[in-house]
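Chains as they are written, first to last, in the numbering used here: chain S, 194 to 444; chain Z, 35 to 340.
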C-alpha cells in the first residue's frame, strides 16, 4: 500500500534531477529533496528559509529552523543575506511552495479566503513565498488536495504572483514561475511566461475527466497524457527506511 | 571601563516599553524573545504596535493580554504546527476588538529593517510586482529607477521605539554573540531608538573578546542587557536547549478556545512572578527533556603579533 504522501514525495524527487540548488519548506518538499539527494541529485544543495545552506541533518527536521539543520550545515546566513544575496541574487534553481489557492497561471494565494479586510479565513500570509516565486528559476507546487476549492478560476487574493502578473505591471521577473504542480491526481506543467498549466500526467487509475472535474477552470490537457510511473521498490525503501523512518511526514 | 548595562527584565520593560509605543520583537524561529513578551503582558502595557516578521505564539499571547492595537508582520501562524486562535478572532471577527494589521512579505520586512538601521528613506526590492499586497498596504510603493528604464517596488523604513531580542550570550556592556540562525536581529536592533538584549548568560569580557566575529550586535547599539536563562522557550537557543515542539502543537488547541486561553494566561503568565518562576514551575524533569548534547566548533586562530 503506497500512501499519497509517499507518491507525492517520490514524484517530486524525480523532478529534481540535474538541479543544483533547491529551496525547500518543511514536510513533503523536505522528503522530496532528501530522497532526490539519495537518488537522482546527489550533489543537490538544500537551502532553507531560516538561512541554512547545504543542510546535513542527523535527524529529519521538524521545522525550517530545527536545530538539527544547523549542526553540521555548510553555511548559516542572516536573513538579509538569505533573501537578498541567495534568493534575489538568483542562486536558487527550484523553489517549493504550497498554497491555499492556485490559478491556471500558477499564481498563489496564502493570505486570506474572502476579502482581505474582513476575511472568512485568515491564512499565514506570504512569509517568503512571494520572494521564492519571484526569484527562483522555477517553482514546484505540491498540493495534497486537488479540488475546486484549491484550484480556482480566480484567486481571492494574489499573494505570490507568477511572472505573467509581474510582466503585466511592466516588471520583468527573474524566474519562470510555477513549472510543475504535483497533486494526488497527477502532474500539471507549464513552460513559463504566457503559458497556462496543462495536465501532462495522471497517476495510475486516475482519468483525465476526473482531473478536469476537480479543477475550477477549463483545464488545458496535453495531446498525450502520460501515466505517472509508480514509486519503485527502491525509492519506497529509501523513503521509508532512510529518509523518514519515524513516519513524521509519511502519514 | 565600559558601562555596565545589566538589569532585570522587569526593570528593562519598565524603563524601555511605554504604552502606545512601537515595539519590535525579532528572532526568526530561533531565540524568540518570549520571556520579554510575557513581562510586557505582566506589566499591563497597552496600545502597542508590535513589529515582528513571524507573528507566532508570543504575538498571540500579547494579543490575548490586551497589549496590542496594531501588528506589522509578514507571517501570521503557529510555525508549521497550526494557527493562532486569538489573532484569527481579532482579524476574522474583530473579537474582542479589531486589530490593525499591516502585511508585508519576509523580504519586505527585512528591507524595512535595513532602511531603518541605515536611516534611509526607503529600500528597493524585486518583489510585489503583480501581487495584491500593495493594494491593501499603501506603504508598498513603486518608483522609477534613476539609472535605468525600470520600475522597482520600495518599502518604508521601520524605526521602532524599542527592539527586544534574545541571544545566547553578551558581556555587561552589551556586546552580543549569536550562533546558529542569526535572523534579522542585528538589523532590528540598529533600526530601533532603544534596544534591549535578553541573553541566556552574561559572560566575562574575555569570553566575547576571544571570538569577536561571533558578536552580531556591538555594545554601542544596546541600552540594556538582561540575563534570563531559557527565556526563548518554547523556541530554542542553539547549544542550550531544544525547541518545545509539543508546546507549539498544543498552542493551536489552547488558543482556539478563548476560555482555555484565558486559563493558560492566568496560570503561566499572570500566575508567575517572573520568568525564573515560570522556569521553576515547568520543573527540572521538563527541562531535561529539552536538553541538548555537545557539538563543539573547532577553534579558530585569530593570531597575535609576536
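No residue lacks a Cβ here, since even glycine has one placed at the ideal position from N, Cα and C. Because the structure is a prediction, the values reported are computed rather than measured.
Along the length of the region 394 to 423 of chain S, whole beta strand (DSSP E) runs at least 3 residues long occupy 413 to 420, reported in chain order.
Judged by beta-carbon spacing, residue 157 of chain Z lies beyond the 8 Å limit of residue 167 of chain Z, meaning their Cβ atoms are not closer than that value. Close partners of residue 122 of chain Z in chain S (Cβ separation under 7 Å): 315. DSSP places residue 95 of chain Z in the uninterrupted alpha helix (DSSP H) bounded by 91 to 98. Counting of Cβ neighbours within 10 angstroms places residue 315 of chain Z among the exposed residues, the total staying below 16.
Within its own chain, the residues whose Cβ lies closer than 7 Å to the Cβ of residue 212 of chain S, once the five positions on either side in sequence are excluded, are 234, 237, 286 and 287, listed in chain order. Shown here for residue 237 of chain Z: same chain residues with a beta carbon closer than 7 Å to its own, the five before and five after excluded, namely 203 and 205 in chain order.
At a cut-off of 8 Å between C-beta atoms, residue 320 of chain Z does not count as an interface residue with respect to chain S. In chain order, 243, 244, 258 and 272 make up the part of chain S whose C-beta sits under 8 Å from the C-beta of residue 62 of chain Z.
Residue 321 of chain S reaches chain Z at 108, 109, 139, 140 and 141, counting residues in chain order whose Cβ is nearer than 9 Å. Of all alpha-carbon atoms in S:305, S:324, S:416 and S:346, the one lying nearest the alpha-carbon of residue 278 of chain S is that of S:324. In the three-state DSSP reduction, residue 351 of chain S falls in the coil class, being neither helix nor strand.
At a cut-off of 8 Å, the C-beta of residue 211 of chain Z has no neighbouring C-beta in chain S. For residue 196 of chain Z, the enclosing beta strand (DSSP E) covers residues 196 to 204.
When Cβ pairs closer than 8 Å are counted between the two stretches, the region 68 to 77 of chain Z is seen to touch the region 94 to 112 of chain Z, the count reaching three or more. No Cβ-Cβ contact shorter than 8 Å links residue 208 of chain S with residue 313 of chain S. In the three-state scheme derived from DSSP, where H, G and I count as helix and E and B as strand, residue 281 of chain S is classed as coil.
In this structure, residue 423 of chain S places its C-beta atom within 8 Å of the C-beta atom of residue 195 of chain S. Using a Cβ distance threshold of 8 Å, residue 230 of chain Z and residue 89 of chain Z do not count as a contacting pair.
The region 136 to 199 of chain Z contains, as complete alpha helix (DSSP H) runs of 4+ residues, the segments 140 to 151 and 167 to 170 (chain order).
For residue 410 of chain S, not one C-beta of chain Z is nearer than 8 Å to its own C-beta. Between the beta-carbon of residue 259 of chain Z and that of residue 104 of chain Z there is about 28 Å, and that puts the pair past the 8 Å contact cut.
Residues 196, 228 and 230 of the same chain have their beta carbon placed closer than 6 Å to that of residue 50 of chain Z, with the five preceding and five following residues left out of the count. Relative to the Cα of residue 254 of chain Z, the nearest Cα in the group Z:265, Z:224 and Z:274 belongs to Z:224.
A Cβ-Cβ contact shorter than 8 Å links residue 159 of chain Z with residue 145 of chain Z. Residue 211 of chain Z carries a strand assignment under DSSP once its states are collapsed to helix, strand and coil. DSSP, reduced to helix, strand and coil, places residue 311 of chain S outside both helices and strands of the structure shown, so it counts as coil. In the displayed model, residue 383 of chain S falls within coil according to three-state DSSP, outside both helix and strand. Interface criterion met: the Cβ of residue 350 of chain S is under 8 Å from a Cβ in chain Z.
Scanning its chain for C-beta atoms nearer than 8 Å, with the 5 sequence neighbours on each side dropped, one finds around residue 41 of chain Z the residues 49, 258, 259 and 260, in chain order. In terms of CA proximity to residue 337 of chain Z, Z:246 leads the group Z:299, Z:217 and Z:246. Considering only beta carbons, no part of the region 382 to 409 of chain S lies closer than 8 Å to chain Z. Annotated as proximal: residue 118 of chain Z and residue 289 of chain Z, with beta-carbon spacing under 8 Å. Looking from the CA of residue 251 of chain Z, the closest CA among Z:267, Z:219 and Z:235 belongs to Z:219. Proximity of residue 254 of chain S to chain Z, defined by a Cβ-Cβ separation below 8 Å, is not satisfied.
Residue-level contact check: residue 248 of chain Z does not touch chain S, since none of the beta carbons of chain S fall below 8 Å from its beta carbon.
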